[in-house]
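Note sheet for the following structure.
Numbering (this note's numbering), first residue to last: 179 to 518.
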């Protein structure tokens, strides 16, 4: 306290000095209170910022984890196909490694079909001789209520959605009338293409994944796939009604992913539903012997294909993998469109 203040204070009465001290104390308390209040506000701001940071990190993690999960198999050497199927109310998942480097055409074809939704909701239509076969067929009924198989290529609305992936030559038909030849759009031709043959022919072990290439230029030839249950029991022929027989021509282009036990379980479950060897056979479309209980492919997703394969050596122009001249199957294959 300055001398002047001391001198002035000494001139005050006891009561005045008491009031002055009280005022000084109150002022000091107010300052302390203000400082405390400011400190609390500062802490609250820090807590709010910290909470916002934590919330942001949590949101980022919440987004990143599903994104990471959706990028499964990113670090695998080969693309991986994940096939979800249902038997009644029970769900199964099958996983297959695809040999994109050795079999670029078969892999590109399968990846294209999966991405375009050809397999969504299709049936496992044949379980002969330890094969699980599926493709573009969906179960339906005819005018008599009899269960039949209908192919995606007969669904004009579905095929129209694929037109964007093809040039017009792949979905037009030639019409001749009164000596005049014209072409017109025909969406159901979209899936009726010929695929080039891969130069490498691969053989692996149980649970191989193969493309059926029984004839060229038909929707069935490039949308039918099969999984072998037992290597030693792999069939080369299909039996059919009225003692018909057809030769199978296939190309292996994948195998069981990481020896996945759940895939084996799924294949075993489907093959357990095969029609018994004795008794009358319930064939569909002459050759196909479906399981006794409906098996539906729910979804097919090919992982790790877009990144390393589409952007490098196997750039996806899908039509680069098609060939209108050289048939995928050899001319000696004992299979033709009349079999379907």
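C-beta atoms are modelled at their ideal positions from N, C-alpha and C, and glycine is treated no differently. These numbers come from a predicted model, not from an experiment.
- Beyond the five residues adjoining it in sequence on each side, residue 350 comes within less than 8 Å, by CB distance, of 361, 362, 363, 364 and 367 in the same chain, given in chain order.
- Here DSSP, grouped into helix, strand and coil, assigns residue 453 to coil.
- If only complete runs of 3 or more residues are kept, the stretch 413-475 shows the beta strand (DSSP E) at 415-417, 423-425 and 428-434, in order along the chain.
- Cβ contact annotation for residue 300 (same chain, cutoff 7 Å, sequence separation greater than five): 312, 313, 314, 315, 316 and 475, in chain order.
- Per DSSP, the continuous beta strand (DSSP E) segment holding residue 406 begins and ends at 403-406.
- Beta-bridge partners of residue 389 (DSSP): 403 and 429.
- Residue burial is scored here from C-beta neighbours: residue 370 has at least 16 other C-beta atoms within 10 angstroms and is therefore classed as buried.
- Annotation for residue 336: 330 place their beta carbon closer than 6 Å to its own, counting only its chain and skipping 5 residues before and after.
- At the C-beta level, residue 481 and residue 296 stay beyond 8 Å of one another.
- Residue pairing by DSSP places residue 258 opposite 275 and 481 in a beta bridge.
- Nearest in C-alpha terms to residue 470, of all of 251, 417, 325 and 275, is 325.
- 8 Å or more divides the Cβ of residue 342 from the Cβ of residue 499.
- The C-alpha of residue 444 lies about 10 Å from the C-alpha of residue 407.
- Looking at the DSSP output, residue 265 bridges to 268 and 473.
- Approximately 7 Å separates the beta-carbon atoms of residue 497 and residue 344; this is inside 8 Å, confirming the contact.
- Counting every other CB atom within 10 Å of its CB across the protein chains shown gives residue 484 a total below 16, marking it as exposed.
- In this structure, DSSP gives residue 333 a state outside helix and strand, which the three-state scheme calls coil.
- For residue 283, the enclosing alpha helix (DSSP H) begins and ends at 282-293.
- The bridge partners DSSP lists for residue 311 are 304 and 404.
- In the three-state reduction of the DSSP assignment, residue 232 falls in the helix class, which pools H, G and I.
- DSSP places residue 347 in the helix class (H, G or I) of the three-state scheme.
- When DSSP reads this structure, residue 327 sits in a beta bridge with 317.
- Of the residues assessed, residue 223 falls on the exposed side of the cut-off, its CB having fewer than 16 other CB atoms within 10 angstroms.
- The alpha-carbon separation between residue 465 and residue 358 amounts to approximately 40 Å.
- The beta carbon of residue 451 sits closer than 6 Å to the beta carbons of 469, 470 and 471 from its chain, once the five residues preceding and following it are set aside; these are given in chain order.
- Of all alpha-carbon atoms in 429, 419 and 418, the one lying nearest the alpha-carbon of residue 399 is that of 429.
- Around the beta carbon of residue 422, a 10 Å sphere encloses fewer than 16 other beta carbons of the protein chains shown; the residue is thus reported as exposed.
- Take residue 460, set aside five residues on each side of it, and no residue of its chain has a beta-carbon closer than 6 Å to its own.
- The beta carbons of residue 276 and residue 285 sit about 5 Å from each other, so the pair counts as a contact at 8 Å.
- With a beta-carbon spacing of about 5 Å, residue 273 and residue 441 fall inside the 8 Å limit used to define contacts.
- The residues 311, 466, 467 and 468, in chain order, have a CB closer than 7 Å to that of residue 304 in the same chain once the five nearest residues on each side in sequence are set aside.
- In this structure, residue 424 keeps its C-beta atom at 8 Å or more from the C-beta atom of residue 432.
- In this structure, residue 477 lies away from residue 267, with their beta-carbon atoms at least 8 Å apart.
- Distance check between residue 309 and each of 463, 256, 271 and 449 places 449 closest, using alpha-carbon atoms only.
- Annotated three-state conformation of residue 368 is coil, per DSSP.
- Taking 8 Å as the cut-off, the Cβ atoms of residue 376 and residue 283 count as close.
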